[in-house]
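2 protein chains.
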Amino acid sequence: MNKAVRPSRPQTRRQRVEEKEQAIIAAARAVFGKNGFDKAKIAEIAKRAGVAEGTVYLYFENKNALLLAVATEFYDRLTHDAAEGIKSLPDTKSRLAFLARHHVERVAAEWPMLSTAMMPFKASDEYRQTEGYQLNRTYVEVFDQVIRDGINRGDIRTDVPLSVMRDIFYGGLEYGARTLRMRPDRADLDETVDQMMQILSVGMLVKPAAVDTDGGAADAVLDRLEKIATRLETTAATTD
Amino acid sequence: MNKAVRPSRPQTRRQRVEEKEQAIIAAARAVFGKNGFDKAKIAEIAKRAGVAEGTVYLYFENKNALLLAVATEFYDRLTHDAAEGIKSLPDTKSRLAFLARHHVERVAAEWPMLSTAMMPFKASDEYRQTEGYQLNRTYVEVFDQVIRDGINRGDIRTDVPLSVMRDIFYGGLEYGARTLRMRPDRADLDETVDQMMQILSVGMLVKPAAVDTDGGAADAVLDRLEKIATRLETTAATTD
DNA sequence: CTTGTAAATGAAGCATATTCATATATACTG
DNA sequence: CAGTATATATGAATATGCTTCATTTACAAG
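First to last, the protein sequences are chains G and D.
FYI, in the numbering used here the residues of the first sequence are 1 to 240.
FYI, in the numbering used here the residues of the second sequence are 241 to 480.
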């Protein structure tokens, strides 16, 4: 129970433990971020966190669990900021643009960690059973909601499944982020994202111009079909 | 020099060496493919190839070099088949469709290997200096050429850089391939690729060409429909 | 002050990639 | 064909790095 606040630095025992846990996570983030998961040594993480090697295992079951902790913090922030960012945006297009900008910015920043981070998860066919998958799932839920909303508003085409849109959106952005990071000329982030959105939005949005993508052919077919159907329904009650 | 062909199994010394090298690569492909790079044990590869553990290191500097050998074979085939496949295709749109189908099919098939395969390369910021990057570069050159050609023909929009198109194309397809592989319901590959192309082509192709987004399919349907309607109208002579 | 418990330590254990001293097979030479 | 140099092969030894564990230290309660 709480007796009194000791004037010394660390307060209660529990608090000191939490602090240490944070220190280890912070150290891990730094070391993972430097050269990726594989090259990161537990020894270095321990040293940075100011603990013995064995202590790390008092807090995390193994190296993967440590990565998961780092990834969880990252995804929590990412998801939160994504959800927060679209709140004030009124239309589907600007929401998607925001999500794209936000994603690329964050991913490009934490690239070394991320590229390897999800690897232990993504590698296997059982990816779906991993916690890493769940983190990602929660994150992309923000995107999914924007799309569903967009469909209700009539902004988004309905002939392509959500999952396909999601894959193209995030797959494309991830590659884009990587390219951005590698480029020696450090091409402008905003400009690149704009360009990506030019392709993506045209492909996903049902815009007035795109309604007529096929030159009205589909409409003509549908019209004609309706007429025939009506006629068949009214006349022949005999079908096979 | 070639003396005479010995009737025994292995011919010249050089040939036996090459055979063994191939055996090791084949074993490595199998083992990498099973559970990815990390979980693959050199010991198992050696056993499968019928050599001692140390022998592997006579042929390949280390595990990474072995992966590179496997990846090189994969990419060589991939690149060759891609280049071959588009040769007979006349228009930009069908070429892109072919490249997409081809890519997804191959990537989905060799997923466990690939997902980890490029990881040791992709992880670092020096990716561009790796041989893995070069393999990829050569491969996507096929795509780049299709796009450049498409631009000359006026099929492809010019307001978005090639690199952006490339990233979205292959990034999207990679994610799509992964999803396809994970799906328990094993969604139809062709259908999924079609859907992806619906987004990608609208985004990349120039409008006028997009008037005919479905390659004239709608027109064909309409024609057929008209004929059927006419026939129905004339035979069952009951009109309203 | 004593003692039980939580927390921490770093040396030992273990799994694997890689190296190396040694052995074997092959080709060449006289 | 024997002798020898060279290429090839071996598997035990080494190195590295994650993980465990017996021991120690710090803390809180009585």
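Backbone N, C-alpha and C fix where the C-beta goes; we use that ideal spot for every residue, glycine too.
I want to verify the contact list: residues of chain G whose CB lies under 7 Å from the CB of residue i, in sequence order.
i, result
"E414(D)", "G171"
"T419(D)", "S163, D167"
"Y367(D)", "M182"
Counting C-beta neighbours from all protein chains within 10 Å, is the total for residue i 16 or more, i.e. buried, or is it exposed?
i, result
"Q15(G)", "exposed"
"G50(G)", "exposed"
"V17(G)", "exposed"
"D399(D)", "exposed"
"G276(D)", "buried"
"D488(D)", "Since the first residue of chain D shown is 241 and the last is 480, residue 488(D) is not available in this structure."
"A209(G)", "Unreliable positioning characterises A209(G) in this predicted model, as indicated by a pLDDT of 45, which lies under 50. The coordinate reading is nonetheless provided below. Flag for A209(G) reads exposed."
"A28(G)", "buried"
"G372(D)", "buried"
"T12(G)", "exposed"
"K333(D)", "buried"
"S328(D)", "exposed"
"P112(G)", "buried"
"A322(D)", "buried"
"G443(D)", "buried"
"D167(G)", "buried"
For residue i, which residues in chain D fall below 8 Å Cβ to Cβ?
i, result
"R16(G)", "Per Cβ cutoff of 8 Å: no residues; R16(G) is ~35 Å from chain D at best."
"T192(G)", "V404"
Residue i to residue j, Cα distance in whole Å?
i, j, result
"E110(G)", "V140(G)", "18 Å"
"L429(D)", "I285(D)", "32 Å"
"V5(G)", "K20(G)", "Note that V5(G) has pLDDT 36, beneath the 50 cutoff, so the model's placement of it is unreliable and the number below is only indicative. If you take the alpha carbons of V5(G) and K20(G), they lie about 19 Å apart."
"E174(G)", "G416(D)", "13 Å"
"N392(D)", "G171(G)", "28 Å"
"K279(D)", "V56(G)", "24 Å"
"G85(G)", "Y299(D)", "54 Å"
"D185(G)", "K287(D)", "47 Å"
"E301(D)", "L440(D)", "41 Å"
"T432(D)", "E345(D)", "11 Å"
"G33(G)", "N136(G)", "19 Å"
"L402(D)", "G390(D)", "11 Å"
"G154(G)", "R95(G)", "15 Å"
"A97(G)", "N304(D)", "39 Å"
"A52(G)", "L67(G)", "18 Å"
So the alpha helix (DSSP H) residue i belongs to, where does it begin and stop?
i, result
"I168(G)", "162-182"
"Q255(D)", "253-279"
"R393(D)", "371-393"
"I439(D)", "429-444"
I want to verify the contact list: residues of chain D whose CB lies under 7 Å from the CB of residue i, in sequence order.
i, result
"D202(G)", "Before going further, note that residue 202(G) is Val rather than Asp in the sequence given. Simply V442, G443."
"I156(G)", "Correct list: empty, because the minimum Cβ distance to chain D is about 11 Å."
"Q195(G)", "V400, P401, V404"
Could you name the residues of chain G that residue i contacts, counting a contact when the two beta carbons are closer than 8 Å?
i, result
"I439(D)", "V160, V164, M165, I168, L200, G203, M204"
"R335(D)", "In chain order: nothing, as chain G lies at least about 17 Å away."
Could you tell me whether any non-hydrogen atom of the ligand PLP is closer than 7 Å to the CB of residue i?
i, result
"V51(G)", "Annotation note on the ligand PLP: not contained in the displayed structure, which lists no ligands."
Review point. Quick one: complete beta strand (DSSP E) runs, 3+ long, within the region 50-122 of chain G?
Key: none
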